[in-house]
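If you read the sequence shown in this note's numbering, its first letter stands for residue 67, the second for the next number, and so on.
Ideal placement from N, C-alpha and C gives every residue a C-beta, glycine not left out.
None of these values were measured; they are calculated from a predicted model.
Notes for the one structure printed next.
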Amino acid sequence: MKSLTLTLVLLLYVSFQIRAQEFTKEVKAFISIDTTMVAITHVKLIDGTGDSIKNNLTVIIHDGKIEHTGHSNTVLIPDGALIIDGTGKTIIPGLVMLHEHLFYTKFFENWFSVGQSTFTFPRLYLAGGVTTMRTAGSIQPQSDLNVKQWITDGKMIGPKMDVTSPFIEREGLPIAELGFIKKTDEVSEIVDFWSKRGVTSFKLYNNITQEDMKVCIAEAHKRGFKVTGHLCSVTYEEASNLGIDNLEHGFRVSTDFLERKEENICDPFAARKSFNEEPIDSPKIKHLIEVLIKNGTTITTTPNVFEPYTNRELIPGGGERAVSPEVLKDVKNIYDRMVYKDSVQTASYHKNMTWLKRFYDLGGKLVAGTDPTGAGRTVAGYANQHTIELLVEAGFPLVDVIKICTHNGAKYLNKAHEIGTIESGKIADLILVDGDLEKNIKTIRNMEIVFKDGIGYNSKKLFESVNGQVGRN
């Protein structure tokens with residue numbers, strides 16, 4: 067009997083050690099809840115499955131997992147639980163976003179460049195409700211891998227990360243941070259090198275060839291990893307038929323609408339013109355959607371980076387306060403040149419969103435991300451919240467928007483058994499929003515507590531901690 071008691075004590079101790087992650091004092095400063103048992107009561111629940119919204123629910127979190135959800139009138143709250151009154155509030159799963167970066171646009175004359183945001187962006191992502199993210203292309207993959215490990219170790223604040231390879235690209239656009247391959251043999255070398263160092267997905271870029279793509283897909287798939295692409299030289303249909311897993315930016319960068327397109331050649335200006343001129347109900351888009359759905363190719367929507375200027379915020383989502391004064395000045399100069407002059411941009415933006423909704427409604431696999439690049443108007447965290455606003459604006463039902471930004475991302479990463487929905491037994495990655503999201507979508511900006519692995523982080527405090535730092539760190 068004494069031996070049995072000792073065994074039980076040891077098991078409880080080991081269980082506690084697994085649960086009780088060590089955090090540095092810098093991380094602890096932003097933790098508002100680190101309690102074994104939490105009950106969030108009388109809350110509106112959008113669970114991420116696409117099911118109907120439920121009112122007056124109680125969610126029980128125990129040892130970092132969701133133990134139970136049920137109507138507040140019937141759920142028995144365990145003794146000793148920390149009770150959070152969710153009256154007038156909404157709870158959704160933690161966001162799973164698949165086109166994120168730990169870099170941000172840098173400005174110099176007419177050159178396009180990006181700079182690593184090692185410290186500000188992980189913090190902003192978590193502040194904006196992102197509990198899991200994929201870096202859809204890295205410029206400093208070793209930095210990204212380090213950040214991922216430091217977050218896991220409790221030394222830094224940020225989401226769980228799926229780190230993507232450096233951009234696999236041939237020389238084209240003069241972006242100094244990219245590496246350029248000269249022959250297809252280099253692709254397998256890249257996949258092998260970065261796979262051994264912890265990268266778990268791969269990114270193809272504008273000027274690769276179909277042969278480059280074939281090798282990348284084959285090498286990644288045999289290791290159990292997936293491949294995505296921001297394409298131009300290869301059409302969406304060609305890539306989908308070759309077995310690519312994911313295509314970035316909706317249909318906005320597709321070259322499938324070019325007449326007499328040259329094989330393996332990227333002409334971004336002609337591609338943009340062909341997209342803008344393609345009729346909204348053309349046979350080409352109908353055919354392309356059918357191919358993508360038949361092949362099971364996932365599309366990532368990144369509406370922030372294409373959002374028009376006219377009658378829009380300078381940095382959509384309210385991110386002006388995060389950006390350094392020097393960078394904000396550059397962003398405003400671009401904005402002032404573009405506002406009220408972007409009728410073509412506005413039309414192409416709405417066409418892309420219309421086609422994406424059509425793709426989704428027909429059964430296409432749709433996930434979401436932000437891509438914090440472009441003209442500097444896309445800032446981590448703020449843009450993730452704003453993505454939800456933009457998808458609702460585009461006509462997606464709220465329950466589908468939450469599903470796209472949570473469950474669909476988890477499914478793509480093969481983690482839907484752990485995250486992406488609020489269901490018993492899953493990891494407690496969820497967001498408590500101060501307000502009724504069903505009545506006013508902009509309450510998504512009022513995130514109060516972001517739970518990651520059952521630990522509650524103060525969203526407002528995280529946002530405020532990096533004010534004026536984006537573009538510097």
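- In this structure, phenylalanine 372 places its C-beta atom within 8 Å of the C-beta atom of tyrosine 415.
- If only uninterrupted beta strand (DSSP E) runs of at least 3 residues are considered, those enclosed by the segment 386-467 are 431-434.
- For threonine 186, no beta strand (DSSP E) run applies; the uninterrupted alpha helix (DSSP H) run containing it begins and ends at 186-193, by DSSP.
- Rounded to the nearest whole angstrom, the C-alpha separation of isoleucine 112 and isoleucine 346 is 32 Å.
- DSSP, read as helix, strand or coil, puts proline 207 in helix.
- Under the DSSP assignment, glutamate 514 falls in the beta strand (DSSP E) whose first and last residues are 513-518.
- Per the C-alpha coordinates, the member of Asp129, Lys248 and Met419 positioned closest to isoleucine 351 is Met419.
- Shown here, aspartate 228 sits in a strand according to DSSP, grouped into three states.
- Leaving aside the five residues that flank phenylalanine 341 on each side, the residues in its chain whose CB is nearer than 6 Å to its CB run, in chain order, Phe323.
- Within the segment 312-346, the runs of alpha helix (DSSP H) at least 4 residues long that lie entirely inside it are, in chain order, 334-343.
- The three-state secondary structure of leucine 380, taken from DSSP, is coil.
- Rounded to the nearest whole angstrom, the C-alpha separation of asparagine 139 and valine 300 is 56 Å.
- Contact between valine 213 and isoleucine 150 does not hold, since their C-beta atoms are separated by about 30 Å, which reaches or exceeds 8 Å.
- Counting C-beta atoms within 10 angstroms of its own C-beta, serine 490 has fewer than 16 neighbours from the protein chains shown and is therefore classed as exposed.
- Contact check between the segment 493-503 and the segment 392-404: fewer than three CB pairs, one atom from each, fall below 8 Å, which does not count as touching.
- Taking a 10 Å sphere around the C-beta of aspartate 311, we find 16 or more other C-beta atoms and assign the residue as buried.
- Here DSSP, grouped into helix, strand and coil, assigns aspartate 129 to coil.
- Per DSSP, the beta bridge partners of methionine 163 are Met199.
- With respect to threonine 201, valine 180 sits apart: the two C-beta atoms are not nearer than 8 Å.
- The three-state reading of DSSP puts glycine 181 in strand, counting E and B together.
- For the options Lys249, Val445 and Met279, the alpha carbon positioned closest to that of glutamate 237 is the one of Lys249.
- Judged by beta-carbon spacing, asparagine 272 lies beyond the 8 Å limit of leucine 313, meaning their Cβ atoms are not closer than that value.
- Per DSSP, aspartate 100 is not a residue of any alpha helix (DSSP H), being assigned neither H nor E.
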